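Sequence order for the protein chains is A and B. Residues 1 to 107 in this note's numbering are what the first sequence lists, from first letter to last. Residues 1001 to 1262 in this note's numbering are what the second sequence lists, from first letter to last. The C-beta atom is built at its ideal place from N, Cα and C for all residues, glycine as well. This structure is a prediction, so every number in the text was calculated from the model and none was measured. The block underneath contains the structure these notes are about, expressed in structure tokens.
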Amino acid sequence: MTARVIITAPTKAKKGEIVTVTTLLAHVMENGFRHSSTGVPIPRDIVTEFVARYNGAEILRASLYPAIAANPYFAFEFVAEESGILDFSWMGDNGFAASRQIAINVE
Amino acid sequence: MTVLGSRILAGLFGVALAPLAELRAGEIPFAELRSGSELMSPDTRAMQDADSANPGMLWVIEGEALWNAKAGAANLACADCHGAAELAMRGVAARHPAFDAKRNQAVNLAGSIEWCRVERQKAPALTAEGPEALALEAYVARQSRGLSIASTDAALRPLIESGRELYLRRQGQLDLSCAHCHTENWGRKLAGLALSQGHPNGYPLYRLEWQSFGSLERRLRNCLTGMRAEPYPAGASEYLALEAYLKWRAHGMPMESPAVRP
Chain A
1 MTARVIITAP TKAKKGEIVT VTTLLAHVME NGFRHSSTGV PIPRDIVTEF VARYNGAEIL
61 RASLYPAIAA NPYFAFEFVA EESGILDFSW MGDNGFAASR QIAINVE
Chain B
1001 MTVLGSRILA GLFGVALAPL AELRAGEIPF AELRSGSELM SPDTRAMQDA DSANPGMLWV
1061 IEGEALWNAK AGAANLACAD CHGAAELAMR GVAARHPAFD AKRNQAVNLA GSIEWCRVER
1121 QKAPALTAEG PEALALEAYV ARQSRGLSIA STDAALRPLI ESGRELYLRR QGQLDLSCAH
1181 CHTENWGRKL AGLALSQGHP NGYPLYRLEW QSFGSLERRL RNCLTGMRAE PYPAGASEYL
1241 ALEAYLKWRA HGMPMESPAV RP
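Spelled out as structure tokens, the structure:
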């Protein structure tokens, strides 16, 4: 199943405007310190990296650790200088990878 | 107040049949009903109110996909019979549990969805409280957000009464009833959090303690464990009775599904 993601960002912005973007990714963020009801350790399964790029240029990179809650949420701002594609990618344990792209039209 | 007086008063407030004032003796008065969202922190409230930040919406979008996906030997999607959920499912969660005259039994929303899936779609039942069942329930319940809980079905009375009896019964090693916390001491602190009034208006919901999405039944199991009582078995009729009673008790309160709770 493809990862579930909720992204909010404006589709249009004025040149020089500060744009707010939020991302919410469905992920269990199993921290690796817990045990099952029968005492078996539950292996770590977390997202380790989040990257946002605008027209290919990195504008945000975050490393995630076991203490971060399930379904990690990011909110950030950037200055819209030109129209382009905002590209999000998440990487994690067990080969987890998810990505989304949205277009922002700068007038 | 006389019985007639309370009937007239109930009529004035548009409250039909079930929640008549004389039946509410010993209950929290209508004017003092408070949703759990009014007793939690502003941060958690903000998380619930913003669809971009409410993790419950992740289950809602999965539920929307399931609503439109064909399933079972009948090769039907929910949408093939019901159409757009925004119209067809509006208010449905607010009036469950409901009495199903055809089957002569009460059902909650999860039960209604399962019946449709098995009888209409001819598909195997989804795992109870599994991710898909929760997602569909979340999507259907989302269509009642902001609508008032309507517990007005006279046929549910016996179930509501047995739910009330369970709610008032002392249980577990701590010898507590639900009412000791949620009717008599709501608003006071227990382990740093305000005790809620125990309303079911946000379910299914995302609970920060769970780090996940869950049903009212799961929440009731948590409460029973907290009282050091043995939880009823999964799917037991006691949960349905408690749900019917809690919905009746919360009659008129707006639905918040998918809510966020601490």
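Three-way DSSP call (helix, strand, coil) for residue i in this model
i, result
"V5(A)", "strand"
"I18(A)", "strand"
"P1131(B)", "helix"
"V28(A)", "coil"
"Y54(A)", "strand"
"S1237(B)", "helix"
"F78(A)", "strand"
"E1230(B)", "coil"
"R34(A)", "coil"
"G1005(B)", "For G1005(B), the predicted structure reports a pLDDT of 45, less than 50, and the residue's modelled location is therefore unreliable. A value from the coordinates is still provided. Three-state result, G1005(B): helix."
"A1016(B)", "At A1016(B), the pLDDT of 48 sits below 50, so the modelled position is not reliable and the matter cannot be decided from this model."
"V1092(B)", "coil"
"P1042(B)", "helix"
"A1150(B)", "coil"
"A1074(B)", "coil"
"R1145(B)", "coil"
"A1106(B)", "strand"
"G1011(B)", "The predicted position of G1011(B) is uncertain, since its pLDDT is 45 and thus under 50; a value taken from the coordinates is nonetheless stated next. Residue state, collapsed to three classes: helix."
"A1263(B)", "With chain B running from 1001 to 1262 in the structure shown, residue 1263(B) is simply not present."
"A1250(B)", "coil"
"A1025(B)", "coil"
"R100(A)", "strand"
"L1242(B)", "helix"
Opposing strand residues paired with residue i [DSSP bridges]
i, result
"N1047(B)", "According to the sequence displayed, residue 1047(B) carries Met and not Asn. Note: M1047(B) sits in no beta bridge, so no partner."
"N105(A)", "K12(A)"
"Y1206(B)", "F1213(B), V1260(B)"
"K1189(B)", "A1194(B)"
"P1124(B)", "Looking at the DSSP assignment, P1124(B) forms no beta bridge with any residue, so it has no partner."
"Y73(A)", "L24(A)"
"E1032(B)", "Note: E1032(B) sits in no beta bridge, so no partner."
"L1087(B)", "Note: L1087(B) sits in no beta bridge, so no partner."
"E49(A)", "S63(A), M91(A)"
"P1200(B)", "Answer is none; P1200(B) lacks a bridge partner."
"P43(A)", "Paired residues: none, contrary to the question."
"Q1171(B)", "L1176(B)"
Buried versus exposed, by CB contacts within 10 Å (16 or more), residue i
i, result
"E1217(B)", "buried"
"C1081(B)", "exposed"
"H35(A)", "exposed"
"P1258(B)", "buried"
"F1213(B)", "buried"
"G1198(B)", "buried"
"G1056(B)", "buried"
"R1219(B)", "buried"
"S1037(B)", "buried"
"L1190(B)", "exposed"
"D1153(B)", "buried"
"W39(A)", "First, the amino acid is wrong: residue 39(A) is Gly here, not Trp. Classification of G39(A): exposed, given that the 10 Å Cβ count is below 16."
"K12(A)", "exposed"
"V1015(B)", "A caution first: V1015(B) carries a pLDDT of 48, below 50, which makes its placement in the model too unreliable to give a value."
"N94(A)", "exposed"
"Q1048(B)", "buried"
"K1122(B)", "exposed"
"R4(A)", "buried"
"Q1143(B)", "buried"
"Y1203(B)", "buried"
"T20(A)", "exposed"
"M1227(B)", "buried"
"A1098(B)", "buried"
N- and C-terminal bounds of the beta strand (DSSP E) containing residue i
i, result
"S89(A)", "84-92"
"L1109(B)", "Element bounds for L1109(B): not the beta strand (DSSP E) but the alpha helix (DSSP H), 1109-1115."
"D1100(B)", "1098-1100"
Where the alpha helix (DSSP H) containing residue i begins and where it ends
i, result
"E1038(B)", "1036-1039"
"E1165(B)", "1157-1168"
"A1065(B)", "1056-1067"
"H1082(B)", "1078-1082"
"A1179(B)", "1178-1182"
Residue i CB to nearest heavy atom of the ligand PLP below 7 Å
i, result
"S1148(B)", "The model on display carries no ligand, and the ligand PLP is accordingly not part of it."
**Asked** Closer than 7 Å, Cβ to any Cβ of chain A: which residues of the segment 1045-1064 of chain B, in chain order?
**Response** Listed by position, the residues of the segment 1045-1064 of chain B near chain A (Cβ gap below 7 Å) are S1052, A1053, P1055, M1057, L1058, I1061, E1062.
**Message:** Output needed in chain order: residues of the segment 64-81 of chain A with a Cβ under 9 Å from some Cβ in chain B.
**Reply:** So the close ones are A69, A70, N71, Y73, A75.
**Request:** Determine which residues of the segment 8-29 of chain A have a Cβ less than 9 Å from any Cβ of chain B, and write them out in chain order.
**Result:** Against chain B - using a Cβ distance shorter than 9 Å - the residues of the segment 8-29 of chain A are T8, T22, T23, L24, L25, A26, V28, M29.
**Message:** Please identify, using Cβ separations under 7 Å, the residues of the segment 1198-1223 of chain B that lie next to chain A, in order along the chain.
**Reply:** Taking 7 Å as the Cβ-Cβ cut-off against chain A, the residues of the segment 1198-1223 of chain B that qualify are Q1211, S1212.
**the segment 31-50 of chain A: positions lying closer than 8 Å to chain B by Cβ** = Here the close residues number zero.
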